[in-house]
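Participant: Structure below; questions to follow.
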Amino acid sequence: MERLKKRNWGYLVSLALSVLLAFTIGAVILLAAGFSPLRAYGAMIDGAFSGARHIGDWLEYAMVLCLTGLACVLGSRVGIFNVGGEGQLLLGAIVSCQVGVWLGGSPVWIALPAAALAAMAVGGLYALIPGWLKVKVKVNEVITTIMLNTVAASLCQYLAKGPWKNANKNMVAATAQLDPRLWFHSLIPGSNLSTAIIAAAAITVLTWYVMQKTSTGYEMKLTGQNPRFAFFSGIKTDRLVIVCMVISGAMCGLVGMFRVYGVEHLYRSSISNQYYFEGLTVAMIAGYEPVTVIFLSFFFAILKIGAQGMELTAGVPNQIYLIIQTVIIFCMAAESGVFSSLRAGSQRKKARADIRRKEGRDHA
Amino acid sequence: MLETILSSIFSAGTFNQMLRSATPVALAALGGAMTEHAGIMNIGMDGMILMGAFFGVLGSWYFGSAAAGVALVLVMGVIVGLFFALFTVKFRSDEFIIGTALNTFALGLTSFLSRSIFGTGGTKGNPALPTVHIPGLDAIPFLGQVLNDNSLFIYLTWALVLIMWLFVYRTPYGLWLRASGEKPETLRTAGVAPERMKWLASILCGLLCGLAGAHLSLGQLQGTFAEDMANSRGYIAFACVIFSKANPAVAYAAALMFGFFDAIGLRLQEYVSSDLTGTIPYLITIVMMVYVVVRSRRRDMRAGRRLPQRQG
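In order, the protein sequences belong to chains A and B.
Take 1 as the starting number for the first sequence in this note's numbering and just add one per residue.
Take 1001 as the starting number for the second sequence in this note's numbering and just add one per residue.
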């Protein structure tokens, strides 16, 4: 317990330093591009905290980051990197939307669960392909999932332009709109926040519980850390990896459904703008620890919403957010490397001094 | 109907398109082959290509010449390569994390700079790389049409494939490079620091991926930059590297195969939605990755059969 606390403190300090450094580097890039960093960061803080609307948007985006981040953690826990969440999310979004359109006339308590099931099934099945290929054929999952992302995006584009397209000719590449009865209720008027966040909170708690508090969670950890040992201690590692991958995909599909039913109310490409990759980045910064993912997603959601506000008021492109986020990763990756090379250097120095002292004694 | 489709597929235009689509992937795959030999899993090539594409256009726009754009790309290529090596070699960070972060960083940086400098996510009509006309080549009926009047870098790629192949398999440096990935300790015993070869491989990869991006923006698209224009080509290049076991010549052939399916997809657009045909090269890449594994497994089984059967 003592050691755990110590490690947590170490992590927090290194995170804080990395964030500080990332903002400094961000300021340098802003200066180089001809913006005033102080004004930009001021606008960022204003953008994040001005009004209830922004707080709603913030919580909604935190939900997206948290669920996608946890989906990523779920895979990496057992040693499979789901980089294909973006495709699973998009497919889940478009299929759940179309199911909602088909079931537009039926009661809400039939239509919503059907749509959620469809989203999870499609996302899960789409993750099953790379998962199965990884476990049974031993194909690198990073490449297959990335390729499937592009395939899914094109497929959704095709469906939204062709078979499932909106009857309104002005809507290019969008599906028909859902019946307003099926929309998730908005919690803060004018913002993106909807009742989906309640479901998201339940999923988050469940995922955390399974990963940290059950024997299944322990088996997952064991499988990720040492698959051979896990296999010989009787864990069905192949099945566990595939199941985790499928659940990870199902979670991403569900995020797609939340975006459709909570925010957009139809499918179009603005459902997700590489959101999964931002969740993946959060998971990486959190070191694939579920609790840390939950806290960090709130932090990075503030950054993102602030960056969007900054673009509107100060005219600074919001992509500075991506730069800051990735620089944090680089800083945290560098930190352990710098310390270990410093330690090696000081040890070398100490060893040299020891030898010198020994030689001096021999001479005397 | 089928006849017209087939004749349009196997026309000189298709093979010319194959060459064009294959070249950026091939250049990046040449770079990826270097890091692969040095034992670095490099999935950051996509970001490297994107940076090359952006800084090529930026240099071309700022200095008013494509040559200056390429010069800027070469400088940036070295910087990106050094940056990548700093983390993967010096700090021994997780290659997967650094590669993914590099890709996202490149996406953020290029989009941010493009919007700050050009006001929008893209720019076009900047000075482009010249096309090369080889006199007399037109006399050959089919090949002339395919091979002549292409962008400069398509010819440069052929030279680079040869150079890199000679470098890897026919020079002592190439031997050290391969040893630094396969048996670093042996290399160290022989008196060469494996880290040094890894740094070299990383810089070469940065340069070649930068050239791939420059070809994409300055050559193929005539001075155009668009957000996220690498479009997963870096990952396709990575698949080509795995497929070819990092042999530059085979990697080029794999890139040509990708280009061929990309070209077929473009041809089929007349009949099927472009969104569907656009997925063909990506699906082929997955098939390619599966084939690599099946091939090596079959080879292992054959090797196993040759061994004398051990009796219990």
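Idealized CB from N, CA, C, for every residue including glycine.
The structure presented is a predicted model; accordingly, all values stated were derived computationally and were not measured.
Using a Cβ cut-off of 8 Å, which residues of the region 142-161 of chain A contact any Cβ in chain B, in chain order?
Facilitator: The residues in question are VAL142, ILE143, THR144, ILE146, MET147, LEU148, ASN149, THR150, VAL151, SER154, LEU155, GLN157, TYR158 and LYS161.
Participant: How would you list, in chain order, the residues of chain A whose beta-carbon sits under 8 Å from the beta-carbon of B:ARG1115?
Facilitator: Those within 8 Å of B:ARG1115 in chain A are PRO317 and GLN319.
Participant: Suppose you measure from the CA of A:GLU289 to the CA of B:ILE1097; what does that come to, to the nearest Å?
Facilitator: Distance between the alpha carbons of A:GLU289 and B:ILE1097: 15 Å.
Participant: Can you find the residues in the same chain that come closer than 6 Å, C-beta to C-beta, to A:ALA43, ignoring five residues on each side of it along the sequence?
Facilitator: Hits under 6 Å: MET310, THR313 and ALA314.
Participant: Using Cβ-Cβ distances below 9 Å, what residues of the region 113-142 of chain A are close to chain B?
Facilitator: Answer set for the region 113-142 of chain A: ILE129, PRO130, LEU133, VAL137, LYS138, VAL139, ASN140 and VAL142.
Participant: Below 6 Å CB to CB, which residues in the same chain sit around A:GLY190 once its five sequence neighbours on both sides are set aside?
Facilitator: Within the same chain, A:GLY190 has close Cβ partners ARG53.
Participant: Are the C-beta of A:GLU314 and some C-beta of chain B separated by less than 7 Å?
Facilitator: According to the sequence displayed, residue 314 of chain A carries Ala and not Glu. So no, A:ALA314 is outside the interface.
Participant: Short check: CB of A:SER297 to CB of A:VAL316, under 7 Å?
Facilitator: Not in contact: A:SER297 and A:VAL316 (Cβ atoms no closer than 7 Å).
Participant: Name the two residues that bound the continuous alpha helix (DSSP H) containing A:TRP183.
Facilitator: Neither: A:TRP183 is in no alpha helix (DSSP H) and is coded neither H nor E.
Participant: Who pairs with B:ALA1132 in a beta bridge, going by DSSP?
Facilitator: One detail in the question is off: residue 1132 of chain B reads as Val in this sequence, not Ala. Answer by DSSP bridge pairing, in chain order: B:ASN1150.
Participant: Quick check: what's the CA-CA separation for A:ILE94 versus A:ALA153?
Facilitator: About 10 Å.
Participant: I'd like to confirm something about A:THR24: is its beta-carbon nearer than 6 Å to some heavy atom of the ligand SAH, or not?
Facilitator: The ligand SAH is not part of the structure shown, which contains no ligands of any sort.
Participant: Short of 6 Å in beta carbon distance, which residues of its chain neighbour B:MET1041, apart from the five on each side in sequence? Order them along the chain.
Facilitator: Once the five neighbours on either side are set aside, the close Cβ partners of B:MET1041 are GLU1095.
Participant: Taking the beta carbon of A:THR24 as the centre, do at least 16 other beta carbons fall within 10 Å, making it buried, or is it exposed?
Facilitator: Exposed.
Participant: List, in chain order, every chain B residue whose beta-carbon is nearer than 9 Å to that of A:GLY337.
Facilitator: Within chain B, the residues near A:GLY337 are LEU1086, PHE1087, LYS1090, PHE1091, ARG1092 and SER1093.
Participant: When the Cα atoms are used, what is the spatial distance from B:ILE1117 to A:ALA33?
Facilitator: Between B:ILE1117 and A:ALA33, the C-alpha separation is close to 7 Å.
Participant: Could you give the residue range of the alpha helix (DSSP H) that holds A:GLN98?
Facilitator: Taken as a continuous stretch (DSSP letters only), the alpha helix (DSSP H) holding A:GLN98 covers 85-102.
Participant: Counting pairs of beta carbons, one from the region 1229-1245 of chain B and one from the region 119-136 of chain A, are three or more of them closer than 8 Å?
Facilitator: Result no; under three Cβ-Cβ pairs closer than 8 Å.
Participant: Does A:LYS349 come out as helix, strand or coil in the three-state DSSP assignment?
Facilitator: Of the three classes helix, strand and coil, the one that applies to A:LYS349 here is helix, per DSSP.
Participant: Quick one: list the residues of chain B neighbouring A:THR326, beta-carbon separation under 7 Å, in chain order.
Facilitator: Those are ALA1101, THR1104, PHE1105 and GLY1108, listed as they occur along chain B.
Participant: Determine, for A:MET284, whether the minimum Cβ-Cβ distance to residues of chain B falls below 7 Å.
Facilitator: Yes, A:MET284 counts as interfacial toward chain B.
Participant: For B:THR1123, list the residues DSSP reports as bridge partners.
Facilitator: According to DSSP, which records beta bridges pairwise, B:THR1123 is partnered with B:PHE1225.
Participant: A:ILE329 and B:ALA1263 look like a contact to me (Cβ under 8 Å); what is the Cβ gap, rounded to whole Å?
Facilitator: A:ILE329 to B:ALA1263, Cβ: 37 Å. No contact.
Participant: Should B:LEU1216 and B:ALA1053 be called a contact, given that it needs their Cβ atoms to be closer than 7 Å?
Facilitator: Against a cut-off of 7 Å, the Cβ pair of B:ALA1053 and B:LEU1216 comes out as a contact.
Participant: On a Cα-Cα basis, can you pick out the residue from B:ILE1140, B:PHE1091 and B:SER1008 that is closest to A:LEU342?
Facilitator: Checked all of B:ILE1140, B:PHE1091 and B:SER1008; the closest Cα to A:LEU342 is B:PHE1091.
Participant: Measure the C-alpha to C-alpha separation of A:LEU280 and A:TYR321 and round it to an integer number of angstroms.
Facilitator: Taking the straight line joining both Cα atoms gives about 15 Å.
Participant: Could you work out which residue in B:SER1232, B:ALA1253 and B:ARG1196 is closest to B:LEU1086 when comparing CA atoms only?
Facilitator: Measuring from the Cα of B:LEU1086, the nearest candidate turns out to be B:ARG1196.
Participant: Tell me the DSSP secondary structure of B:GLN1311 in three-state form.
Facilitator: Confidence is the limiting factor: at B:GLN1311 the pLDDT is only 46, short of 50, which leaves the residue's position unreliable, though a coordinate-based value still follows. Coil, per DSSP.
Participant: Could you name the residues that DSSP lists as bridge partners for B:SER1202?
Facilitator: Paired residue(s): none; B:SER1202 is not in a bridge.
Participant: Please identify the residue among A:ARG77, A:MET120 and A:PRO37 whose C-alpha is closest to the C-alpha of A:LYS221.
Facilitator: With distances taken between Cα atoms, A:LYS221 lies closest to A:ARG77.
Participant: Would you list, in chain order, the members of the region 1272-1283 of chain B that have their beta-carbon closer than 8 Å to a beta-carbon of chain A?
Facilitator: Here the close residues are SER1273, ASP1275, LEU1276, GLY1278, THR1279, TYR1282 and LEU1283.
Participant: Can you give me, in chain order, the residues of the region 281-312 of chain A that have a beta carbon less than 8 Å from any beta carbon in chain E?
Facilitator: Looking for chain E here will not work: the only protein chains present are A and B.
Participant: At 4 residues or longer, what runs of the alpha helix (DSSP H) sit wholly inside the region 178-252 of chain A?
Facilitator: DSSP runs (the alpha helix (DSSP H)) wholly in the region 178-252 of chain A: 196-213, 215-225 and 227-232.
Participant: Between A:PHE229 and chain B, is any beta-carbon pair separated by less than 7 Å?
Facilitator: Not an interface residue.
Participant: According to the neighbour-count rule (16 or more other Cβ atoms, all chains shown, within 10 Å of its Cβ), is B:PRO1281 buried or exposed?
Facilitator: Under this definition B:PRO1281 is a buried residue.
Participant: Check whether the region 49-68 of chain A touches the region 90-104 of chain A, counting contact only when three or more Cβ pairs, one atom from each stretch, lie closer than 8 Å.
Facilitator: Counting Cβ pairs under 8 Å, fewer than three are found: no touch.
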